[in-house]
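Trainee: Chains as they are written, first to last, in this note's numbering: chain A, 652 to 824; chain B, 258 to 443. Here a beta-carbon is modelled for each residue, glycine too, at the ideal position from N, C-alpha and C. Just passing along the structure, written as structure tokens.
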Amino acid sequence: MLNRVLFIVALAVSCFFMASVATASPVETFEFRDEVTKVRFQALSKELRCPKCQNQNLADSNSAIAIDLRRELYELLQQGKADSEIIDFMVSRYGEFVLYRPRVSSVTYILWFGPALLILIGVIVVIFILRKKPAAKVDLALNAKQQDKLNQLLQSDKENANQKSNNDKKDKE
Amino acid sequence: MNKVIRFLPLILVLALGVVLYRGLSLNPQDMPSALVGKTMPEFSLLTLNDETRTVTNADLVGDIVLLNVWATWCPTCKYEHPYLLELANNEQLKPHVKLYGINYKDERLAAQKWLQHYEDPYHFSIFDEQGTLGLDLGVFGAPETFVMDHHGIIRKRFAGAIDTRVWRKEFEPLIKQLILEKQQGK
Chain A
652 MLNRVLFIVA LAVSCFFMAS VATASPVETF EFRDEVTKVR FQALSKELRC PKCQNQNLAD
712 SNSAIAIDLR RELYELLQQG KADSEIIDFM VSRYGEFVLY RPRVSSVTYI LWFGPALLIL
772 IGVIVVIFIL RKKPAAKVDL ALNAKQQDKL NQLLQSDKEN ANQKSNNDKK DKE
Chain B
258 MNKVIRFLPL ILVLALGVVL YRGLSLNPQD MPSALVGKTM PEFSLLTLND ETRTVTNADL
318 VGDIVLLNVW ATWCPTCKYE HPYLLELANN EQLKPHVKLY GINYKDERLA AQKWLQHYED
378 PYHFSIFDEQ GTLGLDLGVF GAPETFVMDH HGIIRKRFAG AIDTRVWRKE FEPLIKQLIL
438 EKQQGK
């Protein structure tokens, strides 16, 4: 019985370790001809997208296809291919999709110029709002008739107030 | 004019809602292959069952071809397998359509055993141990299925398992069209 428990524990532990090995980040090692090639490899593997796990680049992804493509990228670099040739190689197989920085074409105009266009529209709207003339100033001065009326009102108001205070005094007395 | 402007935000929000709602039902894995409309990339590989037989792209030209990428390490391929057998034995398709396999990054022995055990639906399977042909085809997993017309031009790529529903929706109309094209001698 004890042996069996120990066996299961050992199995669980080994499974755990195997799982943690499987999820470790990419560890394959490449020997580059020179420092420049290494930098180019790093840059390209960040620019190229993994076709399987679509929100990761080649550098990030652990999927089998990303490992293959990293190896392919390494071999193309070692063969002395230019960046543009490598990108053409990938695009001819996996489509424009593999580029995190899409090329400028009629399909991608909206991606490249959309934001600038929106800002432009925003600026135009703001300018229009600012330049809109404020409503014509209304002459607030009173004419003679209105002034008389106002004076009358104020007068009657005062009289009312006096009367009221007189009444109050009477009440107190 | 003013009234229209007052409703503009509402209209914009509704439009955004429609766009986002549509996004829910789109499959991001459903990508057009870069190879649709192009000829099959050149290759020269051995077949799975006969280690001495070399096949090239010329062996695939002439018929309407279904090229199925499969492997023993791929569980979805196992799910798909019975339907492939059904297709291979379909009397209506038999005279027109040929099914070939690409055994992708697999072990020869395991793959041969698989075909013995589950039956072999393919005319032959190309043994692509290193995945070089897969790379040239832009394969990023298994199963994947390519359709080629009788000129050897790739007309469709489908990533995922084929079953009755998928066949009816994705393949049947195209296959009918290709048969018609072939009969008309296009």
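Which word fits F452 of chain B, buried or exposed, when buried means at least 16 other C-beta atoms lie within 10 angstroms of its C-beta?
Mentor: Examination of residue 452 of chain B is not possible in this model, given that chain B is present from 258 through 443 alone.
Trainee: Less than 7 Å between the C-beta atoms of I359 of chain B and I383 of chain B, yes or no?
Mentor: Looking up residue 359 of chain B in the second sequence gives position 102. Looking up residue 383 of chain B in the second sequence gives position 126. Closer than 7 Å, so yes.
Trainee: Run the CB neighbour count on P285 of chain B, radius 10 Å, all protein chains shown included, and call it buried at 16 or more, exposed below.
Mentor: Along the second sequence, one-based indexing puts residue 285 of chain B at 28. With a threshold of 16 other beta carbon atoms within 10 Å, P285 of chain B falls short and is exposed.
Trainee: Would you identify the three-state DSSP class for I419 of chain B, choosing helix, strand or coil?
Mentor: Residue numbering aside, residue 419 of chain B sits at position 162 when the second sequence is read from its first letter. If DSSP states are grouped into helix, strand and coil, I419 of chain B belongs with coil.
Trainee: Among residues of its own chain, excluding the 5 on either side of G208 of chain B, which ones have a beta-carbon nearer than 6 Å to its beta-carbon?
Mentor: Summary: the structure shown does not reach residue 208 of chain B, with chain B confined to residues 258 through 443, and so no result is reported for it.
Trainee: Run through DSSP, which three-state label would T827 of chain A get?
Mentor: Residue 827 of chain A lies beyond the stretch modelled for chain A, which goes from 652 to 824, so this question has no answer here.
Trainee: Do we get a CB-CB distance below 7 Å when we pair Q705 of chain A with the residues of chain B?
Mentor: To locate residue 705 of chain A, count along the first sequence from 1; it is residue 54. Closer than 7 Å: yes.
Trainee: From A:L801, A:Y760, A:M741, A:V789, pick the residue whose C-alpha is nearest to that of R700 of chain A; which is it?
Mentor: Stepping through the first sequence from its first residue, residue 700 of chain A is reached at position 49. That would be A:M741, whose Cα lies nearest to the Cα of R700 of chain A.
Trainee: Quick one: using the 10 Å Cβ neighbour count with 16 as the cut-off for buried, is H338 of chain B buried or exposed?
Mentor: The residue labelled residue 338 of chain B in the question sits at position 81 within the second sequence. Classification of H338 of chain B: buried, given that the 10 Å Cβ count is 16 or more.
Trainee: Counting only C-beta atoms, is P266 of chain B closer than 7 Å to chain D at any point?
Mentor: Here the protein chains are A and B, and chain D is not one of them.
Trainee: Expressed to the nearest angstrom, what Euclidean distance is found between the alpha-carbon atoms of G765 of chain A and V276 of chain B?
Mentor: Indexing the first sequence from 1 puts residue 765 of chain A at position 114. Indexing the second sequence from 1 puts residue 276 of chain B at position 19. Their Cα atoms are separated by approximately 17 Å.
Trainee: With distance defined between alpha-carbon atoms, name the residue in A:S696, A:T688, A:K732, A:R752 nearest to D719 of chain A.
Mentor: For the purposes of this step, residue 719 of chain A is taken as the residue at position 68 of the first sequence. Nearest of A:S696, A:T688, A:K732, A:R752 to D719 of chain A, Cα basis: A:S696.
Trainee: Note down, in chain order, all residues in the stretch 718 to 749 of chain A with a beta-carbon under 7 Å from any beta-carbon belonging to chain B.
Mentor: D719, E723, V742, S743, R744, Y745, G746, F748
Trainee: Return the CA-CA distance between L437 of chain B and P753 of chain A, expressed in angstroms with no decimal places.
Mentor: Translated into positions along the second sequence, residue 437 of chain B becomes position 180. Translated into positions along the first sequence, residue 753 of chain A becomes position 102. Cα to Cα, L437 of chain B sits roughly 38 Å from P753 of chain A.
Trainee: Could you check if A670 of chain A is buried or exposed, using at least 16 other CB atoms within 10 Å of its CB as the buried criterion?
Mentor: Position 19 of the first sequence holds residue 670 of chain A. In this predicted model, A670 of chain A has a pLDDT of only 49, less than 50, meaning its place in the structure is not dependable; the value taken from the coordinates is given anyway. A670 of chain A comes out exposed.
Trainee: Looking at C-alpha atoms only, which residue of B:G388, B:D320, B:S301 is the closest neighbour of K351 of chain B?
Mentor: Taking the first residue of the second sequence as position 1, residue 351 of chain B is located at position 94. The shortest Cα separation from K351 of chain B among B:G388, B:D320, B:S301 belongs to B:D320.
Trainee: Going along the chain, which unbroken runs of the alpha helix (DSSP H) with 4 or more residues stay wholly within the stretch 317 to 360 of chain B?
Mentor: 332 to 345
Trainee: Give the range of the alpha helix (DSSP H) segment to which E429 of chain B is assigned.
Mentor: Locating residue 429 of chain B in the second sequence gives position 172, counting from the first residue. Segment 429 to 440, the alpha helix (DSSP H) holding E429 of chain B.
Trainee: Between which two residues does the alpha helix (DSSP H) harbouring M741 of chain A extend?
Mentor: To locate residue 741 of chain A, count along the first sequence from 1; it is residue 90. Following the DSSP letters along the chain, one finds M741 of chain A inside the alpha helix (DSSP H) bounded by residues 734 to 745.
Trainee: When Cβ atoms are compared, which residues of the stretch 770 to 804 of chain A fall closer than 8 Å to chain B?
Mentor: Within the stretch 770 to 804 of chain A, no residue qualifies.
Trainee: Report buried or exposed for A368 of chain B, applying the criterion of at least 16 other Cβ atoms within 10 angstroms of its Cβ.
Mentor: Position 111 of the second sequence, counted from the start, is the residue given in the question as residue 368 of chain B. When all chains shown are included, A368 of chain B counts as buried.
Trainee: Within the same chain, show all residues whose beta-carbon is closer than 7 Å to that of H446 of chain B, passing over the 5 residues directly before and after it, in chain order.
Mentor: One cannot answer for residue 446 of chain B here, as it falls past the ends of chain B, which runs 258 to 443.
Trainee: Less than 7 Å between the beta carbons of F415 of chain B and K703 of chain A, yes or no?
Mentor: The sequence position of residue 415 of chain B within the second sequence is 158, counting from 1. The sequence position of residue 703 of chain A within the first sequence is 52, counting from 1. No.
Trainee: How about the stretch 299 to 316 of chain B and the stretch 330 to 344 of chain B: do they share at least three Cβ pairs that are nearer than 8 Å?
Mentor: no
Trainee: When burial is assigned at 16 or more other CB atoms within 10 Å of the CB, is Y760 of chain A buried or exposed?
Mentor: Reading the first sequence from its first residue, position 109 is the one you call residue 760 of chain A. So Y760 of chain A counts as exposed.
Trainee: Please confirm whether R263 of chain B has its beta-carbon closer than 7 Å to some beta-carbon of chain A.
Mentor: Numbered from 1 along the second sequence, position 6 holds the residue referred to as residue 263 of chain B. Not closer than 7 Å to any Cβ of chain A, the Cβ of R263 of chain B fails to qualify, so no.
Trainee: Buried or exposed: N802 of chain A, going by 16 or more other Cβ atoms within 10 Å of its Cβ?
Mentor: In the first sequence, residue 802 of chain A corresponds to position 151, counting from 1. It counts as exposed.
Trainee: Between K413 of chain B and L431 of chain B, is the Cβ-Cβ spacing less than 7 Å?
Mentor: The sequence position of residue 413 of chain B within the second sequence is 156, counting from 1. The sequence position of residue 431 of chain B within the second sequence is 174, counting from 1. Closer than 7 Å, so yes.
Trainee: Using three-state DSSP, classify V404 of chain B as helix, strand or coil.
Mentor: Within the second sequence, the letter at position 147 stands for residue 404 of chain B. Strand.
Trainee: With H, G and I counted as helix, E and B as strand and the rest as coil, what does DSSP make of T309 of chain B?
Mentor: Along the second sequence, one-based indexing puts residue 309 of chain B at 52. Coil, per DSSP.
Trainee: Counting only beta-carbon atoms, is M297 of chain B nearer than 7 Å to chain A?
Mentor: Within the second sequence, the letter at position 40 stands for residue 297 of chain B. With respect to chain A, the C-beta atom of M297 of chain B has no partner C-beta closer than 7 Å.
Trainee: Taking a cut of 9 Å between CB atoms, which residues from the stretch 686 to 703 of chain A lie near chain B?
Mentor: C701, P702, K703
Trainee: Would you call Y751 of chain A buried or exposed, if buried means 16 or more other Cβ atoms sit within 10 Å of its Cβ?
Mentor: As a first step, residue 751 of chain A must be located in the first sequence, where it is residue number 100. That one is exposed.
Trainee: Can you tell me where the beta strand (DSSP E) holding I262 of chain B begins and where it ends?
Mentor: For the purposes of this step, residue 262 of chain B is taken as residue 5 along the second sequence, with counting starting at 1. No beta strand (DSSP E) contains I262 of chain B, which is instead part of the alpha helix (DSSP H) from 259 to 281.
Trainee: Is there a Cβ of chain B sitting closer than 7 Å to that of I761 of chain A, yes or no?
Mentor: Here residue 761 of chain A corresponds to residue number 110 of the first sequence, with the count starting at 1. Answer no: the Cβ-Cβ gap between I761 of chain A and chain B never drops below 7 Å.
Trainee: Pick from B:L344, B:Q373, B:H374, B:T311: whose alpha carbon is nearest that of N454 of chain B?
Mentor: In the structure displayed, chain B extends from 258 to 443; residue 454 of chain B sits before or after that span and is not available.
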